[in-house]
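K.L.:
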Amino acid sequence: MKPRRLPDLRPGTEIEGMVVQSFLGAGGYGTVYLARQMNSGRLCAVKFIPMGSAEAWGQREFAILLRLQHLNLVSLGGWGYWPEERHEYLWLRLAYIPGKTLDEWAWEHHPDAWTAAGKILGVGRGLAVAHHAQVVHRDVKEANILVREGDGEAVLVDFGAGHYARAPTITHGMFPPGTLEYRSPEAWRFRLEHAHDKGARYRAGPADDLYALGVVLYWLLTWRHPFGVTEDEDSIRAIIETPPLPPHIVNPRVPKALSAVCLKLLEKSPENRYPSAVALCEALETLRAQADDTWRVPLQDRPRPQQRREGLPRWPSGKALRRSVLWGGLVLGSVVVGWAALRSTSSGLLPTQGIASGREVASSGPLPEADGTAATPPAAAAPSAASTQDDAPVNKQKTDRISDDRKQKAKVATRGACAGLVGVALQACVGAQQQVAPKRPPPPEECPPGAVEAMTGRLGLYIGDDYGTIVNREYGGPLTVREGEVTFSVWGDHEGLVDKTLVLGRLYLVPGRVYGRFTRVILPTGESYPVCMELWEGSDRLLGSRLEKGSTPDNVLIHSLERLMAVKRFK
Numbered sequence: 001m002k003p004r005r006l007p008d009l010r011p012g013t014e015i016e017g018m019v020v021q022s023f024l025g026a027g028g029y030g031t032v033y034l035a036r037q038m039n040s041g042r043l044c045a046v047k048f049i050p051m052g053s054a055e056a057w058g059q060r061e062f063a064i065l066l067r068l069q070h071l072n073l074v075s076l077g078g079w080g081y082w083p084e085e086r087h088e089y090l091w092l093r094l095a096y097i098p099g100k101t102l103d104e105w106a107w108e109h110h111p112d113a114w115t116a117a118g119k120i121l122g123v124g125r126g127l128a129v130a131h132h133a134q135v136v137h138r139d140v141k142e143a144n145i146l147v148r149e150g151d152g153e154a155v156l157v158d159f160g161a162g163h164y165a166r167a168p169t170i171t172h173g174m175f176p177p178g179t180l181e182y183r184s185p186e187a188w189r190f191r192l193e194h195a196h197d198k199g200a201r202y203r204a205g206p207a208d209d210l211y212a213l214g215v216v217l218y219w220l221l222t223w224r225h226p227f228g229v230t231e232d233e234d235s236i237r238a239i240i241e242t243p244p245l246p247p248h249i250v251n252p253r254v255p256k257a258l259s260a261v262c263l264k265l266l267e268k269s270p271e272n273r274y275p276s277a278v279a280l281c282e283a284l285e286t287l288r289a290q291a292d293d294t295w296r297v298p299l300q301d302r303p304r305p306q307q308r309r310e311g312l313p314r315w316p317s318g319k320a321l322r323r324s325v326l327w328g329g330l331v332l333g334s335v336v337v338g339w340a341a342l343r344s345t346s347s348g349l350l351p352t353q354g355i356a357s358g359r360e361v362a363s364s365g366p367l368p369e370a371d372g373t374a375a376t377p378p379a380a381a382a383p384s385a386a387s388t389q390d391d392a393p394v395n396k397q398k399t400d401r402i403s404d405d406r407k408q409k410a411k412v413a414t415r416g417a418c419a420g421l422v423g424v425a426l427q428a429c430v431g432a433q434q435q436v437a438p439k440r441p442p443p444p445e446e447c448p449p450g451a452v453e454a455m456t457g458r459l460g461l462y463i464g465d466d467y468g469t470i471v472n473r474e475y476g477g478p479l480t481v482r483e484g485e486v487t488f489s490v491w492g493d494h495e496g497l498v499d500k501t502l503v504l505g506r507l508y509l510v511p512g513r514v515y516g517r518f519t520r521v522i523l524p525t526g527e528s529y530p531v532c533m534e535l536w537e538g539s540d541r542l543l544g545s546r547l548e549k550g551s552t553p554d555n556v557l558i559h560s561l562e563r564l565m566a567v568k569r570f571k
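In the UniProt record's numbering, the protein residues as written are 1 to 571.
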């Protein structure tokens with residue numbers, strides 16, 4: 001993928017009746033600015049998508065948003081090209097949604113079951129409208145759901161990975177864009193059954209969106225995902241065959257009726273899930289209407305503030321940081337991945353909006369590769385215009401039945417291991433046995449194409465060298481981490497990794513240790529490069545990071561001072 005171009009837009013720049021206010025965020029194929037409409041004074045989010053490899057995705061998102069209008073879905077207000085004389089970017093004017101991503105909101109507000117169900121109900125209503133319009137989101141997750149300030153409604157955003165009926169194919173590979181933890185059992189089964197078929201393509205449908213929403217609900221109820229996902233066969237088999245532990249077992253505060261709704265969304269066979277988003281909404285509306293006082297108890301206790309680690313030095317000054325040779329001058333601040341989570345400034349051109357909230361922003365994932373098929377241009381992408389090239393036919397796979405003997409053995413094993421425990425002890429025991437994370441470190445794998453060349457060339461890094469990192473803005477004390485995607489922001493300069501460079505990767509939680517692999521950096525200029533870097537324990541030079549004292553299944557802690565090592569291959 002070529003480095004993404006960042007529009008040179010300064011505050012005050014006028015674009016089609018809008019005045020640019022600030023830079024909001026940048027992702028794999030789009031850059032978003034906050035703007036104010038000159039005629040109404042209203043704020044809006046304007047996404048700029050470079051013409052070329054990302055153009056087809058921008059045009060698809062445009063075509064999808066034309067079909068959608070609902071309280072719980074992001075809305076489109078206009079489109080155009082910029083600059084007008086050269087058409088370097090397609091821009092989409094989207095509703096600006098002040099608020100936080102669903103996971104940020106949950107961490108801050110600690111919702112009860114009634115409120116959590118209400119958020120899922122809102123997303124369900126949005127999906128019902130989208131599915132009725134023959135649109136599939138394909139990337140439903142907490143980071144793509146904003147809780148809007150004011151009315152508290154959950155709004156589904158980022159249809160950049162979406163699909164609509166009869167849309168042209170623009171994706172290489174077996175799977176459409178998406179996120180591993182939210183991929184359905186039938187999708188993984190398709191992969192196993194067509195592993196040697198290079199032309200096989202899985203087409204996601206409404207049932208995939210509902211499964212992903214089940215994963216989101218599971219997380220809201222338990223603060224963990226039902227399965228820890230790597231792409232090894234054991235992990236995939238678990239998703240296909242092993243029932244997740246019921247949410248009310250993992251967290252006794254979850255009402256059993258709501259736990260049952262979650263498990264129905266996570267059924268292995270799509271035929272056993274809710275037949276539609278409408279049916280899900282009806283079930284949730286009924287439960288909320290019948291809810292008793294137990295639904296008003298917060299699902300999680302508020303975590304105690306972490307005590308500052310004794311004896312650690314204070315944050316070094318900028319000059320001292322840049323002079324450092326041993327630590328390489330690379331300091332990272334933890335950044336939440338998702339909408340408006342990329343909060344760095346644009347090469348000093350624009351002030352970062354000082355709002356710790358989510359809004360319609362470019363996807364933070366890598367750019368899905370486009371084939372040679374050109375999508376219908378925006379002017380012809382109205383809902384009435386049908387494309388002529390279809391995706392591969394929907395492949396419905398029958399779910400292998402799990403033997404009653406296997407189910408019974410799983411129940412007996414859990415019951416036996418946790419026998420005699422009650423309350424918090426029972427919750428911790430059950431949680432520890434749940435497939436929250438891989439049971440072993442992630443398997444070795446190759447670096448992203450071009451990563452070694454980018455590190456040793458443009459970025460000036462050395463293979464085998466480790467660079468000091470601080471994965472906590474407060475420097476010192478333990479840092480709470482979670483399984484999944486993560487973004488760090490470089491603090492200070494080191495060769496090509498300059499201040500405010502974003503480092504994107506993934507954390508893997510295993511018993512007693514956290515592993516991290518980082519595969520891409522985005523410079524403040526907007527340039528994006530593949531990298532191959534691993535998290536190393538600074539004190540003992542060991543792969544990964546050990547857990548800090550006080551870690552629990554719900555609050556995994558690592559030391560804030562570790563290192564990243566540039567490697568030729570992930571070990």
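Ideal Cβ positions, reconstructed from N, Cα and C, are used throughout, including at glycine.
At the level of alpha carbons, what is the spacing between Tyr164 and Asp209?
P.N.:
Counted from its first residue, the sequence shown places residue 164 at position 164. Counted from its first residue, the sequence shown places residue 209 at position 209. About 13 Å.
K.L.:
Opposite residue 590 in the DSSP bridges: which residues?
P.N.:
Because the chain is modelled from 1 through 571, residue 590 falls outside the range shown and cannot be assessed.
K.L.:
Once you ignore the five residues that flank Ser357 on each side, which residues in its own chain have a CB closer than 6 Å to its CB?
P.N.:
In the sequence shown, residue 357 corresponds to position 357, counting from 1. Because Ser357 carries a pLDDT of 43, less than 50, the predicted location of this residue cannot be relied on, and no value is offered for it.
K.L.:
In the DSSP output, which residue or residues are listed as bridge partners for Ala528?
P.N.:
Taking the first residue of the sequence shown as position 1, residue 528 is located at position 528. The sequence shown places Ser at residue 528, rather than the Ala named in the question. In the DSSP output, where bridge partners are listed per residue, Ser528 has Ile522.
K.L.:
Taking Val136 and Ala204 to be in contact with their CB atoms under 8 Å, please state how far apart those CB atoms are, rounded to whole angstroms.
P.N.:
Residue numbering aside, residue 136 sits at position 136 when the sequence shown is read from its first letter. Residue numbering aside, residue 204 sits at position 204 when the sequence shown is read from its first letter. Confirmed, Cβ separation roughly 6 Å.
K.L.:
For the stretch 235–248 against the stretch 495–514, are there 3 or more C-beta pairs whose distance is under 8 Å?
P.N.:
No: fewer than three Cβ pairs fall under 8 Å.
K.L.:
So, is Leu47 buried or exposed, given that buried needs 16 or more other C-beta atoms within 10 angstroms?
P.N.:
Along the sequence shown, one-based indexing puts residue 47 at 47. It is Lys, not Leu, that sits at residue 47 in the sequence shown. Buried.
K.L.:
For Asp112, which three-state DSSP category applies?
P.N.:
Here residue 112 corresponds to residue number 112 of the sequence shown, with the count starting at 1. It is a strand residue.
K.L.:
Taking DSSP as the reference, what is the three-state secondary structure of Arg513?
P.N.:
Looking up residue 513 in the sequence shown gives position 513. Reduced to three states, the DSSP call for Arg513 is strand.
K.L.:
Around the Cβ of Pro7, are there at least 16 other Cβ atoms within 10 angstroms (buried) or fewer (exposed)?
P.N.:
For the purposes of this step, residue 7 is identified with residue 7 of the sequence shown, where counting begins at 1. Pro7 comes out buried.
K.L.:
For Pro449, which option in Arg569, Gly484, Met38 has the closest C-alpha, if you only look at C-alpha atoms?
P.N.:
The residue given as residue 449 occupies position 449 in the sequence shown. Residue Arg569 is the option with its Cα nearest to Pro449.
K.L.:
Apart from the five residues just before and just after Ile120, which ones in its own chain have a Cβ nearer than 6 Å to its Cβ?
P.N.:
Stepping through the sequence shown from its first residue, residue 120 is reached at position 120. Same-chain partners within the cutoff: Leu217.
K.L.:
Going by C-alpha to C-alpha distance, which of Ser276, Arg253, Val254 sits closest to residue 572?
P.N.:
Since the first residue shown for the chain is 1 and the last is 571, residue 572 is missing from the structure and cannot be characterised.
K.L.:
Quick check on the DSSP output: the alpha helix (DSSP H) that includes Lys264 runs from which residue to which?
P.N.:
Working through the sequence shown from its first residue, we reach residue 264 at position 264. Element bounds for Lys264: 256–265.
K.L.:
Between Val278, Leu221, Lys268, which lies nearest to Leu258 when the distance is taken from Cα to Cα?
P.N.:
If you number the sequence shown from 1, residue 258 lands on position 258. Ranking Val278, Leu221, Lys268 by Cα distance to Leu258 puts Leu221 first.
K.L.:
With the cut-off set at 9 Å, would you say Lys141 and Val215 are in Cβ contact?
P.N.:
Taking the sequence shown and counting its residues from 1, one reaches residue 141 at position 141. Taking the sequence shown and counting its residues from 1, one reaches residue 215 at position 215. Yes; because the gap between Cβ atoms is below 9 Å, this pair is in contact.
K.L.:
What number of angstroms, rounded off, separates the C-alpha of Ile64 from the C-alpha of Val74?
P.N.:
In the sequence shown, counting from the first residue as 1, residue 64 sits at position 64. In the sequence shown, counting from the first residue as 1, residue 74 sits at position 74. Roughly 11 Å between the two C-alpha positions.
K.L.:
May I ask you to list the residues that DSSP assigns as paired with Val486?
P.N.:
Your numbering for residue 486 matches position 486 in the sequence shown. For Val486, which the question treats as bridged, DSSP gives the partners Gly505.
K.L.:
Are the beta-carbon atoms of Gly77 and Cys44 separated by less than 9 Å?
P.N.:
Indexing the sequence shown from 1 puts residue 77 at position 77. Indexing the sequence shown from 1 puts residue 44 at position 44. For Gly77 and Cys44, yes; Cβs fall inside 9 Å.
K.L.:
For Phe190, which three-state DSSP category applies?
P.N.:
Residue numbering aside, residue 190 sits at position 190 when the sequence shown is read from its first letter. Three-state result, Phe190: helix.
K.L.:
Measuring CA to CA, which of Leu557, Trp536, Gly550, Asp554 is closest to Arg563?
P.N.:
Working through the sequence shown from its first residue, we reach residue 563 at position 563. For the residues Leu557, Trp536, Gly550, Asp554, the minimum Cα distance to Arg563 belongs to Trp536.
K.L.:
Does the beta-carbon distance from Val297 to Ala454 come in below 9 Å?
P.N.:
Translated into positions along the sequence shown, residue 297 becomes position 297. Translated into positions along the sequence shown, residue 454 becomes position 454. Taking 9 Å as the Cβ cut-off, Val297 and Ala454 do not qualify as a contacting pair.
K.L.:
Could you tell me the distance, in whole angstroms, from the CA atom of Ser551 to the CA atom of His132?
P.N.:
By one-based count along the sequence shown, residue 551 stands at place 551. By one-based count along the sequence shown, residue 132 stands at place 132. Taking the straight line joining both Cα atoms gives about 45 Å.
K.L.:
Along the chain, where does the beta strand (DSSP E) containing Thr480 start, and where does it finish?
P.N.:
As a working note, residue 480 is residue 480 in the sequence shown. Taken as a continuous stretch (DSSP letters only), the beta strand (DSSP E) holding Thr480 covers 478–481.
K.L.:
Please return the same chain residues whose Cβ sits closer than 8 Å to the Cβ of Val556, not counting the five positions on each side in sequence.
P.N.:
The residue given as residue 556 occupies position 556 in the sequence shown. Answer for Val556: Thr480, Val481, Arg482, Leu509, Val514, Leu547, listed in chain order.
K.L.:
Whole angstroms are fine: how far does the CA of His70 sit from the CA of Gly122?
P.N.:
Position 122 of the sequence shown, counted from the first residue, corresponds to residue 122. Position 70 of the sequence shown, counted from the first residue, corresponds to residue 70. Each residue's Cα considered, the two are about 10 Å apart.
K.L.:
Measure the beta-carbon distance from Glu61 to Leu92 and round it to whole angstroms, keeping in mind my assumption that it falls under 8 Å.
P.N.:
As a first step, residue 61 must be located in the sequence shown, where it is residue number 61. As a first step, residue 92 must be located in the sequence shown, where it is residue number 92. Confirmed, about 7 Å.
K.L.:
Ends of the beta strand (DSSP E) at Gln95?
P.N.:
On the sequence shown, position 95 is the one that residue 95 refers to. Here residue 95 turns out to be Ala, not Gln, going by the sequence shown. Note, Ala95: beta strand (DSSP E), 89–95.
K.L.:
Using DSSP with H/G/I as helix, E/B as strand and the rest coil, what is Ile15?
P.N.:
Looking up residue 15 in the sequence shown gives position 15. The answer is strand: DSSP assigns Ile15 an E or B state.
K.L.:
Please classify Ala45: does DSSP put it in a helix, a strand, or coil?
P.N.:
Taking the sequence shown and counting its residues from 1, one reaches residue 45 at position 45. Ala45 falls in the strand class under three-state DSSP.
K.L.:
Taking just the CA atoms, how far does Asn144 sit from residue 581?
P.N.:
It is not possible to answer for residue 581, since the shown part of the chain is limited to 1 through 571.
K.L.:
Near Ile239, what residues of its chain come up, given a Cβ to Cβ distance below 6 Å and the 5 sequence neighbours on each side ignored?
P.N.:
Counted from its first residue, the sequence shown places residue 239 at position 239. Pro185, Trp188, Phe227, listed in sequence order.
K.L.:
Bridge partners of Gly78, per DSSP?
P.N.:
By one-based count along the sequence shown, residue 78 stands at place 78. Note: Gly78 sits in a beta bridge opposite Arg93.
K.L.:
Quick one: what's got a C-beta closer than 7 Å to Cys281's C-beta in the same chain, skipping five residues either side?
P.N.:
The residue you call residue 281 lines up with position 281 of the sequence shown. Excluding positions up to five away in sequence, the list reads Leu121, Gly124, Arg125, Ala128.
K.L.:
According to DSSP, is Ser347 part of a helix, a strand, or is it coil?
P.N.:
Within the sequence shown, numbered from 1, the residue matching residue 347 stands at position 347. Note that Ser347 scores a pLDDT of 30, beneath 50, so its modelled location is shaky; the value from the coordinates is reported in the next line. Ser347 falls in the coil class under three-state DSSP.
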